[in-house]
Amino acid sequence: MNVLEASDLKVYYHTAKGVVRAVDGVDFIVEEGTSVGLAGESGCGKTTLGLSFLKLLPENGAIESGSLVFEGDDIYSLDEKTFRENIRWSQIAMIFQGAMNALNPVFKVEDQISEAIKLHSNKKKKERLQMARDLLKKVDIDPTMGRHYPHEFSGGMRQRAMIAMALACDPKLIIADEPTTALDVIVQKQLMDLLRRLKAEMNLSLIVISHDISVLAELCDYLNIMYAGRIVEWGEIEEIFENPRHHYTHGLISTFPTVEDEEKKSRFEFIPGAPPNLLDPPLGCRFHPRCPAATEICMQEPTPEMRRISEKHYVACHHPRGDLD
Ligand SMILES: Nc1ncnc2c1ncn2[C@@H]1O[C@H](COP(=O)(O)OP(=O)(O)OP(=O)(O)O)[C@@H](O)[C@H]1O
Ligand SMILES: [Mg+2]
Numbered sequence: 455m456n457v458l459e460a461s462d463l464k465v466y467y468h469t470a471k472g473v474v475r476a477v478d479g480v481d482f483i484v485e486e487g488t489s490v491g492l493a494g495e496s497g498c499g500k501t502t503l504g505l506s507f508l509k510l511l512p513e514n515g516a517i518e519s520g521s522l523v524f525e526g527d528d529i530y531s532l533d534e535k536t537f538r539e540n541i542r543w544s545q546i547a548m549i550f551q552g553a554m555n556a557l558n559p560v561f562k563v564e565d566q567i568s569e570a571i572k573l574h575s576n577k578k579k580k581e582r583l584q585m586a587r588d589l590l591k592k593v594d595i596d597p598t599m600g601r602h603y604p605h606e607f608s609g610g611m612r613q614r615a616m617i618a619m620a621l622a623c624d625p626k627l628i629i630a631d632e633p634t635t636a637l638d639v640i641v642q643k644q645l646m647d648l649l650r651r652l653k654a655e656m657n658l659s660l661i662v663i664s665h666d667i668s669v670l671a672e673l674c675d676y677l678n679i680m681y682a683g684r685i686v687e688w689g690e691i692e693e694i695f696e697n698p699r700h701h702y703t704h705g706l707i708s709t710f711p712t713v714e715d716e717e718k719k720s721r722f723e724f725i726p727g728a729p730p731n732l733l734d735p736p737l738g739c740r741f742h743p744r745c746p747a748a749t750e751i752c753m754q755e756p757t758p759e760m761r762r763i764s765e766k767h768y769v770a771c772h773h774p775r776g777d778l779d
């Protein structure tokens, strides 16, 4: 059963310079109990896609079209009140990008978690505080630390507190946006272990967003590769790593060392060229200006529909790697 299913989702930002097509026709599936990665370079639309699943876009952004189904029910057409009462936080929660730096410095951590619980329950303050302490325990923080302020927490602890907050209303699906970015390798690993454990213990489904594909390799069952507002490859994680069919995926994988090779990271070159401006993306396949295999058709014909490689592997490319011409 699929927990989440998005089809042909388009999310645009309206700006003085024009329309930014941040998500431009995306299909996305999360099977119950699985962990799905979303990778791609900065600005390709990962956060926008995550926010759209929670219908929590900035004021100038909107879902223009598409469909969004959660556990078999259409949630795209729900009005804001119904969505807020029945879906956001209680079914789908998000750990926002950079959120660990967004804890309110003037409130104790347990009070902030208690406020998150209040969103969806009418429990009394005392009971909420007990729940907050239990949640801290769940994310491996000594519950007595809840009485402290965010500045007394390390970066890793603040991120754990954010995970506790996302768990506050007992959601089924959690979207973690760059959950380990800016943390050192050891803390990264601890957080990945924690997410893996929580997923198993609480029967969660996860969407993990990261520009760092090695983090996703550790955490995910499936991987989506996003380029310039579109998903260009999707599949089971081992399959994608062993047999990447899109030239962009191949570039991403070969430029990223594993988590263990952290010190090597700075020495790696990235894929030549820069991602396109989503105000005015290139005609044809959006990757063609950077693609080693681009031909005439790639400049003229839009990125093709996702093509089936196997049951659990799809690619959108005119000349996938490994194809016989
Ligand atoms: N409020 C906004 N108004 C206009 N454009 C926006 C807005 N928010 C994001 N964008 C643009 O939308 C595109 C997608 O942004 P998004 O933040 O989703 O990318 P991302 O893949 O999460 O990047 P990163 O890896 O840096 O977090 C980018 O081109 C970005 O500049
Ligand atoms: Mg982002």
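This note's numbering numbers the first residue of the sequence shown as 455 and each following residue consecutively.
Virtual Cβ for every residue (Gly too), placed ideally from N, Cα, C.
This one's a predicted model, so the numbers in the text were calculated from it and none came from an experiment.
Closest Cα partner of residue i within the set the options
i: THR598; options: MET616, LYS572, LYS562; result: LYS562
i: CYS623; options: LEU658, ARG612, ASP631; result: LEU658
i: LEU673; options: LEU458, LYS572, LEU645; result: LEU645
i: ILE707; options: ALA671, ASP528, ARG740; result: ALA671
i: LYS471; options: GLU755, GLY738, LEU732, GLU696; result: LEU732
i: VAL473; options: LEU492, SER506, GLU518, THR488; result: GLU518
i: PRO633; options: ARG651, LYS626, PHE607, ASP666; result: ASP666
i: SER575; options: ASN558, PHE607, ARG587, GLU539; result: GLU539
i: ASP675; options: ILE694, ILE685, VAL686; result: ILE694
i: LYS653; options: TRP688, LYS592, ARG612; result: LYS592
i: ILE549; options: MET616, GLY487, GLU569, ASP533; result: MET616
i: PRO736; options: ARG684, GLY776, ALA630, GLY610; result: ARG684
Exposure label - residue i; buried when at least 16 CB within 10 Å
i: PRO729; result: buried
i: ALA460; result: buried
i: ALA620; result: buried
i: HIS468; result: exposed
i: HIS605; result: exposed
i: LYS580; result: exposed
i: SER720; result: Only weak support exists for where SER720 lies, its pLDDT of 43 falling under 50; the coordinates are left without a value.
i: PHE722; result: With a pLDDT of 44 at PHE722, under the threshold of 50, the predicted position of this residue should be treated as unreliable, though the coordinate-derived value follows. Exposed.
i: GLU765; result: exposed
i: ASN678; result: buried
i: ARG587; result: buried
i: PRO625; result: buried
i: LEU656; result: According to the sequence shown, residue 656 is Met rather than Leu. Its Cβ having fewer than 16 others within 10 Å, MET656 is exposed.
i: GLU750; result: exposed
i: SER664; result: buried
i: LEU649; result: buried
i: GLN754; result: exposed
i: ARG762; result: exposed
i: PHE537; result: buried
i: LYS535; result: exposed
heavy atom of ligand 1 below 6 angstroms from residue i C-beta
i: VAL474; result: yes
i: LEU732; result: yes
i: THR634; result: no
i: LYS509; result: no
i: SER489; result: no
i: GLY552; result: no
i: TYR467; result: yes
i: SER664; result: no
i: GLN471; result: The sequence shown places Lys at residue 471, not Gln. Answer for LYS471: no, Cβ out of range of ligand 1.
i: PRO512; result: yes
i: GLY497; result: yes
Inter-residue spacing [alpha-carbon to alpha-carbon] between residue i and residue j
i: LEU522; j: LEU660; result: 17 angstroms
i: PRO774; j: PRO698; result: 9 angstroms
i: PHE482; j: LYS509; result: 15 angstroms
i: ASN514; j: SER496; result: 20 angstroms
i: ARG582; j: LYS572; result: 7 angstroms
i: ILE567; j: MET554; result: 13 angstroms
i: SER506; j: ALA556; result: 20 angstroms
i: MET680; j: LYS578; result: 44 angstroms
i: ASP478; j: VAL669; result: 25 angstroms
i: ILE725; j: ALA547; result: 33 angstroms
Chain C contact for residue i (CB, 7 angstroms cutoff)
i: GLN551; result: Here there is only one protein chain, and chain C is not present.
Closer than 6 angstroms: residue i CB and nearest ligand 2 heavy atom
i: LYS500; result: yes
May I have a chain-ordered list of the alpha helix (DSSP H) segments no shorter than 4 residues that lie completely inside the segment 535-584? 563-572
>> Please give the ranges of any alpha helix (DSSP H) in the segment 635-691, keeping only runs that are unbroken, at least 4 residues long and fully inside the region.
In response: 639-656, 667-673
* To do: Note down, one range per segment and in chain order, each alpha helix (DSSP H) of at least 4 residues found wholly within the segment 715-765.
  => 750-754
| field | Length at least 3, wholly inside the segment 461-488: the beta strand (DSSP E) runs in chain order | value | 472-485
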